[in-house]
Amino acid sequence: MKVSKTRLDFGWRHSKRKVSLILIISVVFTYLFAFNTSAFAQTNLPRGYEKLAQSEALELYVNKDNGGIAVKDKRNDYIWKSIVDESMYPIDDLNKQWKNYVQSIFAINYIDMANRDTPPNRGFSSGEGTIIEVKTIKNGVEIEYNLEPIGISIALEFTLDEDQFVVRIPASKIKEVPIVKAGTGSTSKKETEIQYGLISVELLPFFGAATDEIDGYLLYPDGPGGLTLYSEVKNRPADVKVGKWKIYSNDKVDVQDLFGEEGSRYRAHLPIFGIKNEENAFLAAVTEGIEQTGITAYPSGYVVGINHMNFDFIYRYHYDLTMSNISIDNNTLGKVVARAEKNLNLIDKEIRFFMLYDEKANYSEMANVYRNYLLDQGLLKNRIPVDSKIPLSMTLFMGITEQQMLFNKFIPMTTVDQTTQILKTLKENQVDEITAILKGWQKGGYGQWPRNWPFDSKLGKKKQIENLNEYVKSNQIDLYLENCFDFARGQVGGFSARTDIVLDGSHLPVTSRYSKAYLLNPTVSAFRHQEFLKKIQAYHGFNVAYEDLGKVIYFDYHKEHPSQRHETVEKWQEILQTAQQDGRKTAVDGANQYVFADTDFIYNMPTKTFGYFITDREIPFLQMILYGSVPYSTENGNLSYDLQLQKLKWVEYGSSPTFELTSEQPLKLKNTNYNHLFTSSFDYWQDNVIEIYTEFNERLKGVYGNQMIQHQEIAPNLIEIKYSNGYQGFINYNDYPYHLQGIRIPAKDYVIVTDRGKIQ
19 MKVSKTRLDF GWRHSKRKVS LILIISVVFT YLFAFNTSAF AQTNLPRGYE
69 KLAQSEALEL YVNKDNGGIA VKDKRNDYIW KSIVDESMYP IDDLNKQWKN
119 YVQSIFAINY IDMANRDTPP NRGFSSGEGT IIEVKTIKNG VEIEYNLEPI
169 GISIALEFTL DEDQFVVRIP ASKIKEVPIV KAGTGSTSKK ETEIQYGLIS
219 VELLPFFGAA TDEIDGYLLY PDGPGGLTLY SEVKNRPADV KVGKWKIYSN
269 DKVDVQDLFG EEGSRYRAHL PIFGIKNEEN AFLAAVTEGI EQTGITAYPS
319 GYVVGINHMN FDFIYRYHYD LTMSNISIDN NTLGKVVARA EKNLNLIDKE
369 IRFFMLYDEK ANYSEMANVY RNYLLDQGLL KNRIPVDSKI PLSMTLFMGI
419 TEQQMLFNKF IPMTTVDQTT QILKTLKENQ VDEITAILKG WQKGGYGQWP
469 RNWPFDSKLG KKKQIENLNE YVKSNQIDLY LENCFDFARG QVGGFSARTD
519 IVLDGSHLPV TSRYSKAYLL NPTVSAFRHQ EFLKKIQAYH GFNVAYEDLG
569 KVIYFDYHKE HPSQRHETVE KWQEILQTAQ QDGRKTAVDG ANQYVFADTD
619 FIYNMPTKTF GYFITDREIP FLQMILYGSV PYSTENGNLS YDLQLQKLKW
669 VEYGSSPTFE LTSEQPLKLK NTNYNHLFTS SFDYWQDNVI EIYTEFNERL
719 KGVYGNQMIQ HQEIAPNLIE IKYSNGYQGF INYNDYPYHL QGIRIPAKDY
769 VIVTDRGKIQ
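And the structure:
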């Protein structure tokens, strides 16, 4: 601030010393004021907002002119805005489309229903011609946005539920009305009727948006969980991309996209995201319409310097349609287009925003409030008895068929008798809690889907199978037979390629590009599962593990048994519940939220993010939800390049110690499709397995079965974890020891401190 000397001489008759003091105070005040507006700008609302609802913790404001909303946290007066205004960003510098976008409650994609093969158009709630109607409802308001130029109207319900902000899109209040457009030119029709159809809704894309000066981050369910820190914008590429995930599974029904790397890259196991701005945060969770939802994270630098996230609700999916076929050298070529579905998927959508403030504005508390919500709703159940030991998680690979020129060869890696002997050896060495999954036990071994019974005769006869059943039952060992009920290979047979498989929107089979592999219709999968349970009725010691069930869903245009994505989820849950009603425990491959309530064990939990070059920190958010409720395992220790580091990762992520083992030497697998298992001999790994099991149950005693309520990196490569019983854990990934609060944490080691401050 420049002070005029004339003004000083005329208005102030003070000494130079006092003038200097005033100047200093002015500069300090200006600095503090600038800091305040940067960090805490969300404490004032522009004109036009009216308070229309309140709860004990929150107030809801609505702008009836533009349909904008804002939520005030009464506990500290922070205001969460839904649209960007000039106080945050110079919106007048943006082009028309982006200006409409940042000032919209929602953006939509829509198409001309007469041309469903064309790319969608974009529309905005703040666009020209939008008519807004506001009416009060219980604990909130309903706002109808009528995008009159395209004949699409959407009603949104905004309500307050204690410290939660709830937004709903009732399916019954989405309308698509034909519009009439005037013709152009002397030979054209005077009027043309056009029917536009809704494809998707990008809801509240700028709710909680923030610029880089704010101390905060975006949280998203990439793998275990990832953070994009606002402060790290300088370290991102200039052409930064957005992060996109589909909840539970890629929405393209394609074998490669569902099961390959693409499937893992775009899968969100949880229907959530979070935003932290200074001492304020929220966790957003989809609570209705989960399966038809995507998540998008926009880091600063993607077109505008604003960090923001949102859910995308899908109302019409696209499917591939082959328009023409041309045969060249016996190869069929065709033009493939993406066609939108004809009918709307009319499913209610709901988001709950869990509002956090002050010391609770962090990702740990986001995990805590969401875990509590799942437990309260019965969507997560406590499966770990009090004072339980940490189980050893072990997959025993039993056999596989090696493809050869003339005759295929079955490779037995762990017979039934060898399985029993491995379990006996572990029990004799005081490994009391064992979760063992048998993989590749069916006729032909691993990959012979959809075979699910019996055991391959080269692995064991009926008597040996009965002995194994009796041994695990009498020794309280959780033994699971892994099966795959959603996948089938043509050369294996045992299913109908006409009535049992998934069809796409053209009513053609969904198959892999390189081999005759199919997806099974969910209703067929559930029936085959029931038949399997009948076959193992005599074996009460055998439980069931489900490959893929916790990481893949899809829709099916089957004529007799069509299935939307949410209906597929219902079938997967029915499968798990049927097994438990039959007295079996269930183990699930993958950690999609829909399995939490009906599984006894989750394996192959992710611990790595894909990143998209926007992830600055990897966190065990998914594990924090489950730890203390459902036991789970992550990476196999025998395949780790550094077993000590793997142990630290198990401790940090709350995983059981995990191994995939065989009785035979893994060299026998070198010419098979399972040659990634390069070190697996039980004889070689036996001592390590027993030692780690013993160590975990001695040093982590008192931790297992309690919730992980706080996780943070308190120094470079030094992690602190707090548990619900008052225990603390410190994990040191550094090559040197660390001293903290009188505690020495050795290099590449961990320390557990009890609630009384003792190291155990």
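Using our numbering, the final residue of the sequence shown is 778, and nothing's skipped along the way. Ideal Cβ positions, reconstructed from N, Cα and C, are used throughout, including at glycine.
Residue environment, residue i, which counts as buried when at least 16 other CB atoms sit within 10 Å
i, result
"MET423", "exposed"
"GLU500", "buried"
"VAL613", "buried"
"GLU180", "exposed"
"ASN691", "exposed"
"ASP561", "Here residue 561 is Asn; the residue named in the question, Asp, does not match the sequence. Classification of ASN561: buried, given that the 10 Å Cβ count is 16 or more."
"ILE149", "exposed"
"ASN689", "exposed"
"GLY396", "exposed"
"TYR464", "buried"
"LYS23", "Confidence at LYS23 is low in this model, with a pLDDT of 29, below 50, so the placement of that residue is unreliable and no value is reported for it."
"ASP334", "Here the sequence assigns Arg to residue 334, which means Asp is not the residue at that position. Buried is the call here."
"GLU309", "buried"
"ILE777", "exposed"
"ARG389", "buried"
"GLY723", "buried"
Nearest to residue i (by Cα), restricted to the options the options
i, options, result
"GLY243", "GLU451, ALA299, MET623, THR529", "MET623"
"PRO734", "LEU477, ASN752, SER524, TRP116", "ASN752"
"SER105", "ILE155, GLY307, GLN121, LYS740", "GLN121"
"LYS191", "LYS117, LEU236, THR604, GLU160", "GLU160"
"VAL771", "GLN725, SER543, GLY720, SER143", "GLY720"
"ASN794", "LYS766, THR437, GLN466", "Within the shown structure, residues of the chain are numbered from 19 to 778, placing residue 794 beyond reach of any answer."
"VAL102", "GLY226, VAL304, GLU146, ASN743", "GLY226"
"PHE331", "SER530, TYR128, GLN664, GLN466", "TYR128"
"ASN470", "LYS442, LYS534, ILE440, LEU551", "LEU551"
"GLN115", "GLY145, GLN72, ASN485", "GLY145"
"ASP230", "ASN325, ASN164, GLU578", "ASN325"
"ILE638", "SER673, GLU713, LYS457, ASN133", "Reading off the sequence, residue 638 comes out as Pro, not Ile. Checked all of SER673, GLU713, LYS457, ASN133; the closest Cα to PRO638 is SER673."
"GLN182", "GLU77, PRO239, ASN139, ARG401", "GLU77"
"SER530", "GLY747, VAL769, PHE277, SER742", "PHE277"
Close beta carbons around residue i, own chain, < 6 Å, minus the five adjacent residues each side
i, result
"PHE696", "PRO684"
"ASN693", "LEU687"
"ALA382", "Looking at the sequence shown, residue 382 is not Ala but Ser. Closer than 6 Å at the Cβ level, and outside the excluded window around SER382, lie GLN728, HIS729."
"SER576", "Residue identity differs from the one stated: residue 576 is His in this sequence, not Ser. Hits under 6 Å: LEU521, ASN539."
"THR625", "PRO242, THR652, TYR671"
"PRO764", "PRO755"
"LYS153", "GLU160"
"TYR489", "THR438"
"GLY312", "LYS264, ASP330"
"ASN419", "One point to set straight first is that residue 419 is Thr, not Asn, in the sequence displayed. So the qualifying residues of the chain are ASN426, PHE428, GLY462, GLY463."
"LYS399", "ALA615"
"THR177", "ASN157, GLY158, VAL184"
"GLU565", "GLU500, CYS502, ASP607"
Integer-rounded CB distance, given that residue j should sit under 8 Å from residue i
i, j, result
"ILE749", "GLU670", "5 Å"
"ILE187", "ILE172", "6 Å"
"VAL434", "ILE369", "With a Cβ gap of about 50 Å, VAL434 and ILE369 do not count as contacting."
Cut-off 7 Å between Cβ atoms - residues of its own chain near residue i, not counting five sequence neighbours on either side
i, result
"PRO580", "ASP574"
"GLN759", "none"
"LYS294", "GLY234, TYR235, ALA379, ASN380"
"LEU63", "TYR79, ALA88, ILE97"
"ASN328", "GLU220, LEU221, LEU222, PRO223, THR314"
"ILE168", "TYR128, GLY141, ILE197, TYR214"
"ARG254", "PRO317, GLY319, PHE631, ILE632"
Beta-carbon contacts of residue i that lie in its chain and below 8 Å, excluding the five residues immediately before and after
i, result
"LEU538", "PRO468, PHE503, ASP504, PHE505, ALA506, PHE513, ASP518, ILE519, VAL520, ARG546"
"ASP660", "none"
"VAL355", "ASP135, ASP338, LEU339, MET341"
"ASP347", "Low per-residue confidence applies at ASP347: pLDDT is 46, beneath 50, and the placement is therefore not dependable enough to give any value."
| field | the stretch 601-610 contacting the stretch 557-571, beta-carbon criterion three pairs below 8 Å | value | Taking 8 Å as the limit for Cβ pairs, the verdict is that the stretch 557-571 does touch the stretch 601-610.
| task | Assess, as a yes-or-no matter, whether the stretch 427-436 is touched by the stretch 473-483 under the definition of 3 or more beta carbon pairs within less than 8 Å. | result | The stretch 473-483, when compared against the stretch 427-436, does touch it at the 8 Å Cβ threshold.
| field | At least 3 beta-carbon pairs within less than 8 Å: the stretch 187-201 vs the stretch 372-382 | value | No, they do not touch.
| query | Does the pairing of the stretch 361-369 with the stretch 256-266 give three or more beta-carbon distances under 8 Å? | reply | No, they do not touch.
| On the three-pair Cβ rule with 8 Å, is the stretch 205-225 touching the stretch 269-279? | In short, these stretches do not touch, since the Cβ pair count stays below three.
| Any contact of the stretch 637-645 with the stretch 587-605, i.e. 3+ C-beta pairs under 8 Å? | Not touching, per the Cβ criterion.
| message | Does the contact criterion of 3 or more C-beta pairs under 8 Å hold for the stretch 81-91 versus the stretch 114-130? | response | Flag = yes, the stretch 81-91 and the stretch 114-130 touch.
| Within the chosen definition, does the stretch 400-418 reach the stretch 443-463 through at least 3 CB pairs nearer than 8 Å? | Three or more beta-carbon pairs drawn from the stretch 400-418 and the stretch 443-463 are found closer than 8 Å, and the two stretches are therefore classed as touching.
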